[in-house]
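When we follow this note's numbering, the leftmost residue of the sequence shown carries the number 129, and every step to the right adds one. Glycine is no exception: its CB is placed at the ideal position from the N, C-alpha and C atoms. Report on one structure; see the data block that follows.
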Amino acid sequence: MTAKQLAWGYFGAAALWSGTAFLLARALPGIRLLPFASDLLLAAAGGTLVYGLAVWKEHQAARLVRALEMAQRDLAAIIDNLPDSFYRTDPDGRIVRMSRCWHETLGYGDGELIGRNMAEFHADPQGRRKLLQALSDNNGQISQYEAPFRHKDGSIIWCSINARYAYDRDGCFLGVEGISHDVTERRRLEQTLRHIARHDPLTGLLNRGAFLERLEHSLARIRRNGGSLSLLFLDLDGFKQVNDISGHHAGDCLLKEVAQRLRQELREIDAAGRLGGDEFVLLLENTAQAGTAPGPLTAQAVAARLIEALRQPYRHDGREHCVSASIGIALYPEHGTSAETLLLNADQAMYRAKDGGKNRMEMCTGCPHLDSMRLEPDNLPS
Numbered sequence: 129m130t131a132k133q134l135a136w137g138y139f140g141a142a143a144l145w146s147g148t149a150f151l152l153a154r155a156l157p158g159i160r161l162l163p164f165a166s167d168l169l170l171a172a173a174g175g176t177l178v179y180g181l182a183v184w185k186e187h188q189a190a191r192l193v194r195a196l197e198m199a200q201r202d203l204a205a206i207i208d209n210l211p212d213s214f215y216r217t218d219p220d221g222r223i224v225r226m227s228r229c230w231h232e233t234l235g236y237g238d239g240e241l242i243g244r245n246m247a248e249f250h251a252d253p254q255g256r257r258k259l260l261q262a263l264s265d266n267n268g269q270i271s272q273y274e275a276p277f278r279h280k281d282g283s284i285i286w287c288s289i290n291a292r293y294a295y296d297r298d299g300c301f302l303g304v305e306g307i308s309h310d311v312t313e314r315r316r317l318e319q320t321l322r323h324i325a326r327h328d329p330l331t332g333l334l335n336r337g338a339f340l341e342r343l344e345h346s347l348a349r350i351r352r353n354g355g356s357l358s359l360l361f362l363d364l365d366g367f368k369q370v371n372d373i374s375g376h377h378a379g380d381c382l383l384k385e386v387a388q389r390l391r392q393e394l395r396e397i398d399a400a401g402r403l404g405g406d407e408f409v410l411l412l413e414n415t416a417q418a419g420t421a422p423g424p425l426t427a428q429a430v431a432a433r434l435i436e437a438l439r440q441p442y443r444h445d446g447r448e449h450c451v452s453a454s455i456g457i458a459l460y461p462e463h464g465t466s467a468e469t470l471l472l473n474a475d476q477a478m479y480r481a482k483d484g485g486k487n488r489m490e491m492c493t494g495c496p497h498l499d500s501m502r503l504e505p506d507n508l509p510s
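Rendered as structure tokens:
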């Protein structure tokens, strides 16, 4: 139906509406008759005015529809060009809207994820449940919630998420919507910095602070749950000659090889650290002194393997170097119940091994340092 037909069908005969139509046009500021309506005004007075108003209303509705479509396109363009990712799921977790950035972050093409369940992309099988629980615990809104997601190629992508419950104007739950930011590189950098802060840069073993922290944690666990622990203090014999004859680069390469041989002789539950120079410490979980434990693993057995492994020749730039190891052993709780006491007693036992001929081990004996003595940091082995 045309606008003219609509006008005449609604208002009836033109002659009946001449005055009213004129007043209507005057009563609505901003309403202007279209130019082509002026000719009809002479032939049918009131009907022409109504026709003009009907055309104006029809024209305005079309403009509003175009404006709404443009606003929707602008919003989609903004969302797709954000540096962060936008997503929305329905109440069952199915994806109903996901920006281009989210698709790129997860390695998928545009629209490839629509209709799939968000739970599919959490690297943690319980990831979706944990995120929903976090929303529930925080009144339906979370910020900077970090979670791992699975990339299309199988790699792990870490994202920081701001999310909330979405409702319609009547308060009906629509699902979850949120913004996510890829923080994979930041987490990788943080992990690298943590590793640098805790590890010896030359050998990759735990540094002094990290080793003592690990020792304290192990002692605390044993005090709660029971168990045994051995601390080995190791110093290389003949290392100074390698530095003096072949230079510090050769010495550094030898220390790296020593660290590698130590790793090969230890279990995953054990730990090795470098205190500095050619001094190393090893923490052996669930070990005891020979003859006192039914298990096959004893501190002496491990020390014997280490001595044999470290006395094998080292080769660098066509030259062969030989060093050996002197090892002191202290056991928990026989030789101390604190990290400081065990470390000091193992150090003293190591010096007795050197005095006894080197390339050998020595168990803590005699009168070890007592736990009741307050050991100052300057008095600890360095």
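Neighbourhood of residue i by C-beta distance below 8 Å, restricted to the same chain and skipping five residues each side
i: Val311; result: Glu274, Trp286, Cys287, Ser288
i: Gly268; result: Arg292, Tyr293
i: Ala432; result: Met489
i: Gln392; result: Ala437
i: Ile242; result: Ile223, Val224, Arg225, Met226
i: Phe301; result: Pro219, Tyr293, Ala294, Tyr295
Residue i (DSSP reduced to helix, strand or coil)
i: Gly303; result: strand
i: Glu240; result: coil
i: His231; result: helix
i: Ala190; result: helix
i: Val386; result: helix
i: Thr331; result: coil
i: Cys287; result: strand
i: Arg402; result: strand
i: Thr426; result: strand
i: Asp218; result: coil
i: Val370; result: helix
i: Gly456; result: strand
i: Leu357; result: strand
i: Asn473; result: helix
i: Ala275; result: strand
i: Leu260; result: helix
i: Gln269; result: strand
i: Glu468; result: helix
i: Glu407; result: strand
i: Ala294; result: strand
i: Ile223; result: strand
i: Leu413; result: It should be noted that the sequence gives Glu, not Leu, for residue 413. In the structure shown, Glu413 sits in a strand (DSSP, three-state: E or B).
i: Glu396; result: coil
i: Arg447; result: strand
i: Asp483; result: helix
Under 8 Å between C-beta atoms of residue i and residue j
i: Ala387; j: Thr331; result: yes
i: Leu383; j: Asp406; result: yes
i: Leu340; j: Leu470; result: no
i: Tyr215; j: Ile223; result: yes
i: Asn290; j: Gln272; result: yes
i: Arg256; j: Gly221; result: yes
i: Asp363; j: Lys482; result: yes
i: Thr217; j: Val304; result: yes
i: Gly354; j: Asn414; result: no
Straight-line Cα distance separating residue j from residue i
i: His345; j: Asp475; result: 20 Å
i: Arg439; j: Ala458; result: 22 Å
i: Gln261; j: Cys229; result: 26 Å
i: His327; j: Gly337; result: 9 Å
i: Leu410; j: His323; result: 19 Å
i: Tyr138; j: Glu197; result: For Tyr138, the predicted structure reports a pLDDT of 43, less than 50, and the residue's modelled location is therefore unreliable. A value from the coordinates is still provided. Cα-Cα distance, rounded: 30 Å.
i: Ile397; j: Glu468; result: 21 Å
i: Ile350; j: Lys280; result: 43 Å
i: Pro219; j: Ser227; result: 19 Å
i: Asn371; j: Gly456; result: 24 Å
i: Gly404; j: Tyr479; result: 16 Å
i: His376; j: Val430; result: 29 Å
For residue j and residue i, believed in contact at Cβ under 8 Å, the rounded distance
i: Tyr460; j: Leu357; result: 4 Å
i: Leu334; j: Ala400; result: 7 Å
i: Phe361; j: Ala477; result: 7 Å
i: Asp212; j: Ile307; result: 5 Å
i: Ala251; j: Pro276; result: 4 Å
Residues near residue i in its chain [Cβ-Cβ closer than 6 Å; skip 5 each side]
i: Tyr442; result: Leu382, Glu385, His449
i: Phe408; result: Leu362, Arg402
i: Ile435; result: Ala453
i: Gly366; result: Val451
i: Ile270; result: Ala262, Leu263, Ala291
i: Leu343; result: Leu411, Ala467
Own chain, CB closer than 7 Å to residue i, minus 5 neighbours either side, in chain order
i: Arg447; result: Ser374
i: Phe249; result: Leu234, Phe277, Arg278
i: Ala190; result: none
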